[in-house]
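Number of protein chains: 2
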Amino acid sequence: MDTRTGLPVVGMVGGGQLARMTHQAAIALGQSLRVLARTPEDGAALVAADVQYGEHTDLAALRTFAKGCDVVTFDHEQVPGEHIRALAADGVRLYPGADALRCAQDKAVMRQRLTELGAPVPRWQRIGSVDELAAFGAEVGWPVVVKAARGGYDGRGVWLLDTPDELAAVGLEPADPAVELIAEERVKLVRELAVQVARSPFGQLAVYPVVETVQRDGICVEVLAPAPALPQSRALAAQQLAIDLASALDVVGLLAVELFEVPGGGGLVVNELAMRPHNSGHWTIEGARTSQFEQHLRAVLDYPMGDTGLTAPAVVMANVLGGADGGMGIDERLHHLFATDPGAKVHLYGKQVRPGRKIGHVTVLGEDLADVRNRAARAARWLQEGR
Amino acid sequence: MDTRTGLPVVGMVGGGQLARMTHQAAIALGQSLRVLARTPEDGAALVAADVQYGEHTDLAALRTFAKGCDVVTFDHEQVPGEHIRALAADGVRLYPGADALRCAQDKAVMRQRLTELGAPVPRWQRIGSVDELAAFGAEVGWPVVVKAARGGYDGRGVWLLDTPDELAAVGLEPADPAVELIAEERVKLVRELAVQVARSPFGQLAVYPVVETVQRDGICVEVLAPAPALPQSRALAAQQLAIDLASALDVVGLLAVELFEVPGGGGLVVNELAMRPHNSGHWTIEGARTSQFEQHLRAVLDYPMGDTGLTAPAVVMANVLGGADGGMGIDERLHHLFATDPGAKVHLYGKQVRPGRKIGHVTVLGEDLADVRNRAARAARWLQEGR
Chain A
0 MDTRTGLPVV GMVGGGQLAR MTHQAAIALG QSLRVLARTP EDGAALVAAD
50 VQYGEHTDLA ALRTFAKGCD VVTFDHEQVP GEHIRALAAD GVRLYPGADA
100 LRCAQDKAVM RQRLTELGAP VPRWQRIGSV DELAAFGAEV GWPVVVKAAR
150 GGYDGRGVWL LDTPDELAAV GLEPADPAVE LIAEERVKLV RELAVQVARS
200 PFGQLAVYPV VETVQRDGIC VEVLAPAPAL PQSRALAAQQ LAIDLASALD
250 VVGLLAVELF EVPGGGGLVV NELAMRPHNS GHWTIEGART SQFEQHLRAV
300 LDYPMGDTGL TAPAVVMANV LGGADGGMGI DERLHHLFAT DPGAKVHLYG
350 KQVRPGRKIG HVTVLGEDLA DVRNRAARAA RWLQEGR
Chain B
0 MDTRTGLPVV GMVGGGQLAR MTHQAAIALG QSLRVLARTP EDGAALVAAD
50 VQYGEHTDLA ALRTFAKGCD VVTFDHEQVP GEHIRALAAD GVRLYPGADA
100 LRCAQDKAVM RQRLTELGAP VPRWQRIGSV DELAAFGAEV GWPVVVKAAR
150 GGYDGRGVWL LDTPDELAAV GLEPADPAVE LIAEERVKLV RELAVQVARS
200 PFGQLAVYPV VETVQRDGIC VEVLAPAPAL PQSRALAAQQ LAIDLASALD
250 VVGLLAVELF EVPGGGGLVV NELAMRPHNS GHWTIEGART SQFEQHLRAV
300 LDYPMGDTGL TAPAVVMANV LGGADGGMGI DERLHHLFAT DPGAKVHLYG
350 KQVRPGRKIG HVTVLGEDLA DVRNRAARAA RWLQEGR
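Sequences listed follow chains A and B, in order.
Each residue of the first sequence is one higher than the one before, starting from 0 at the first, in numbering that gives the first Met the number 0.
Each residue of the second sequence is one higher than the one before, starting from 0 at the first, in numbering that gives the first Met the number 0.
What follows is the structure, given as C-alpha cells:
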C-alpha cells in the first residue's frame, strides 16, 4: 500500500505501451503504476513517476522490484516461469501465475492444454524432425503453418511452408533443442476474431464484446468492435469459450483469446492466447465503459469488475505503424490529423519511429461502421505516412 | 521539443489534480507533462515522470522550470502577473497570458472588464469603506454579497452580509490595502450553469455543451451535462457569451464561464471566470469525445481542437469530498462502490483525506438523467462516507 494515498501499489514488469496505458488507468484509480523498465526511453518510463530499471530475466532485479508491491503483473509474457515461481515462493502476489502464463509463453503447452480441455484448435503436432513435418503435412495437407513454440510475436516466429524442405530454407533446425517447433494445419478462415475476458482471484469474470481483428503481413492493423455481422449465437459461443478458458487455466487479469472464424461446424478455432492487456483491446479506452487497462488493474487487485459495454454502436481501432520518413515530423502530422478529424482519438506511445513498428493507435467511434472505419484508416494513414 | 519523441513539452505550474488529469491526457498525445509541484505528495507529482519542485511565487524557480518547455500553462490562477510578464519577456510562451489571466485572478478587474464588454453581470462596486458598502446595499437591497477580489476559491473569500456592520464581524477591514473588496447584488437565481470554451493562439474556438452545476456550502458537488431542460436559445446564448469572452479577453487554453440563470430578461449573469481545466468540466473525461484536459493541451499547443460532443444523453459528475473517518479506508470503499455500480467511473487525486477536501470525483453516463444522477450521488457518497 502507498501510505501517502492509502491505495495499493501495482508493479508491472516491462515498460512498453501496455504499461504506459495501464499507468493512465492507474492514475484514475488513485494509484501510480510501478514499472520495471529496461531503459529511460521505454514508453512507460517516459511518463510514470515510479520506475525501476532492470531486465525481466534478472531474478534479483525482479525481487527488488516486487518489494512493496501489493501485486505484480506483466506488460509482456517474457518473464521466465522459474522466476515467477521463485517470487511466488517469496510470498509475492503475481498475476497471472506461472502455470497460467505458461500457456501464453509456449505455444506447444498452450495447444496441449487446449486439446486436453476440448477447446477447438487446428490439428497440430510437435515437430522434432523434417520427417515428422513431412508426415504431418501428408496428413493435413500443404501448406502447413510452422511456429516457434516460444518467443514469437506480431507474425515473427510463424512460417507458412509449402514443403518439408522449406524448413531448412527459413533457417530452422528441429534438432536444435533451443528451438521447439510445432506444426499446425492451415485452417480455411473466414476472418479473425478476438475476445477478452477479465478474471479476478475471487473468480469474477467480465467478458468484452467479440471483435474482428484485421491483419496485414502478420500484424494487426485494425480492430472492429463489435465484430460486424457476427451471429449472436457465435458471439456468445466465443465469449463462453473465453470465460471457460480463463477459469480452466486459472488466469487472473486479462485474457485475450485470438480466434479464427472458420466455415461450418462450431465456426471457431483458437489461434493464440495472451494474458495481459492486448492490442485487440485498445479500442476499449474510448469504446467500452471500462478500458482493458482499468479492468486489468481491477482484476489483479481483486476489485469487482467494471462494465464492459460499448459506448457507441461502432468502434474502430487502427494501429499506427512507423512509416518511411516522409520529412514531416510526428507533431506536424498530428496537426494535420486533428484538422481533418476532430473526433479521432490518438494514442502515441513515445517511441522512436522505425518502419513497421507500432508507434501508436487511433480510435474512432460512431453510428455507421463504414464511416467509422474509413475515418480510422485515414487517421492512421496520416500519422503513418503524413498524407 | 522532447528529442526522444519528437513531441512538444508542456509545462504546468502547480501539481494538483488538474495537472494530474492533464498528465493523463498528455500521455495519449505522446507527451509527458512537466509539472512544477510544491511537494512530492502533490497529486500530479505522485504520477508524473517530469516533476520539478518550487513555489509558483518564485520567479527563479519559474524561470528554471520554463527552460525547455514549448509552452507553459497553469493548474491554478495564483502565479503573480509580474512573473508571467517577466517570463514572457524572456521569450517563454505562456498561455493564458498575463492580461487574460488577470480577469481570473482579480474579481474587481473581471467585473470591470465584463462591464466594459457589455456582458451581463450583477450590479457591483468596489468597496473601500463600511459607508460605501452601506450606500451600495441601500441601492441594491440587502443582503449583499461581498467578495475578496483576490485569493478566494470554493466559497472562501465570499460572504453574504445582512448589514454593513457585519463586515467587521466576518473579520474584514476595507481599509486594509491587502484586502480589496467588491460588493455585488444578490441575484435571484434559478440555478447555476457553466460553459467551457477552448481557444487556440490561432483563434480557433471549441465550445462544450452548457452544464448545470449544483453547489452546497459554496462547493460544487454535482455537474449535470447537458444542463437539463435548458431552452436551446439560452444554451446558444451561453455558448456565444463564452466564445465572445474568450476572444475579447484573448484567452488561450480553456475558459470556464460560471453563470447564474436568473428569471426574465436575458436570463444569464456571469458569476466567475476560470482560465484552465475546471471542476465544471471533469465530466468531459468520459462524457465528451474530447476531455477538457486534452482540449487544454491542444489549445495551448495550437493544435486544432477536438470534438466537444457528448458521448451519452445524460452525464453526471459528482465530487468526492473527504468525509469524517468512518474506519473504512478508501481502498475498501472502492471495492464496495465497484461492487455496487460497475459503470461508475472513479477519479481519485491521490490526496490525503481531510473533511470537506475534494479528493476525487465520479462520473456516470446513461440515457436517463434521474437514474444517472442517483447513481453518481450514491457513488460519491460511498467514497465519501463508506455507506
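Beta carbons are placed, not taken as given, at the ideal position from N, Cα and C, and that holds for glycine.
Every value quoted in this text rests on a predicted model; they were computed, and no experiment measured them.
- Chain-ordered, the chain B residues with CB closer than 8 Å to the CB of A:Y302 read L333, H334, F337.
- With respect to the C-alpha of A:A118, the residue from A:A224, A:A241, A:A343, A:P79 having the closest C-alpha is A:A241.
- The DSSP assignment places 344 to 347, 357 to 365 as complete runs of the beta strand (DSSP E) inside the region 344 to 369 of chain B, in order along the chain (cut-off: 3 residues).
- Apart from sequence neighbours up to five positions away, the residues of its chain that approach B:R332 with a beta-carbon distance below 7 Å are W381, L382, G385, ordered along the chain.
- Residues of the region 221 to 244 of chain B with a C-beta less than 7 Å from any C-beta of chain A: none at all.
- Taking the Cα of B:G286 as reference, the smallest distance to any Cα among B:M327, B:D370, B:P225 is reached at B:P225.
- Across the region 345 to 374 of chain A, CB contacts with chain B closer than 9 Å involve V345, H346, L347, Y348, G349, K350, Q351, V352, I358, G359, L364, in sequence order along the chain.
- DSSP, reduced to helix, strand and coil, places A:M20 within a helical segment of the structure shown.
- Within 8 Å of the CB of A:P7, the CB atoms of chain B belong to D330, in sequence order along the chain.
- In the three-state reduction of the DSSP assignment, B:Q291 falls in the helix class, which pools H, G and I.
- Between the region 349 to 367 of chain B and the region 35 to 55 of chain B there are three or more C-beta pairs closer than 8 Å, enough to call the two in contact.
- When DSSP states are grouped into helix, strand and coil, B:W282 belongs to the coil group.
- A buried status is given to B:T289, since no fewer than 16 other beta-carbon atoms sit within 10 Å of its beta-carbon.
- The three-state secondary structure of A:R92, taken from DSSP, is coil.
- Within the same chain, L223, V363, V371, R372, A375 come within 6 Å of B:V315 by CB-CB distance, once the 5 residues on both sides are set aside.
- Residue state for A:F201 is assigned as coil, using DSSP reduced to three classes.
- Taking the C-beta atoms as reference points, A:I284 is found no nearer than 8 Å to A:V319.
- When A:R92, A:E115, A:D49 are compared, the shortest CA-CA separation from A:I26 is found for A:D49.
- Nearest to A:E257 by C-alpha distance, out of A:R185, A:A59, A:N278, A:A47, is A:N278.
- When rounded, the separation of the alpha-carbon atoms in A:L58 and B:V157 is 59 Å.
- One finds I26, S31, A48 in chain B with Cβ atoms closer than 7 Å to the Cβ of A:V46, taken in chain order.
- By the neighbour-count criterion, in which a residue is buried when 16 or more other Cβ atoms sit within 10 angstroms of its Cβ, B:F201 is exposed.
- Taking 8 Å as the threshold, the shortest C-beta distance from B:Q23 to chain A falls below it.
- Interface criterion met: the Cβ of A:G305 is under 8 Å from a Cβ in chain B.
- Annotation: Cβ neighbours of B:G342 in chain A (cutoff 7 Å, chain order): R288, D306.
- Considered as a whole, the region 98 to 154 of chain B harbours 123 to 126, 143 to 147 as its complete beta strand (DSSP E) runs of no fewer than 3 residues, in chain order.
- Rounded to the nearest angstrom, the gap between the Cα atoms of A:G67 and A:Q104 is 27 Å.
- With respect to chain A, the C-beta atom of B:E40 has a partner C-beta closer than 8 Å.
- Taking a Cβ-Cβ cut-off of 9 Å, A:R110 has no neighbours in chain B, whose nearest Cβ is about 34 Å from it.
- Of the residues B:E191, B:D367, B:R377, B:L368, the one whose Cα lies closest to the Cα of B:H360 is B:R377.
- Rounded to whole angstroms, B:Q195 and B:D301 show a C-alpha spacing of 17 Å.
- Look at the beta carbons and you see the region 122 to 129 of chain B touching the region 179 to 190 of chain B: at least three pairs across the two are nearer than 8 Å.
- With a threshold of 16 other beta carbon atoms within 10 Å, B:K146 meets it and is buried.
- Under a criterion of Cβ atoms nearer than 9 Å, no residue of chain B is adjacent to A:R386; the nearest Cβ is some 17 Å distant.
- For the C-beta of A:T310, the chain B residues within less than 9 Å are, from N- to C-terminus, E285, T310, A311, L364.
- For A:R297, the neighbours in chain B by C-beta distance under 9 Å run, in chain order, F337.
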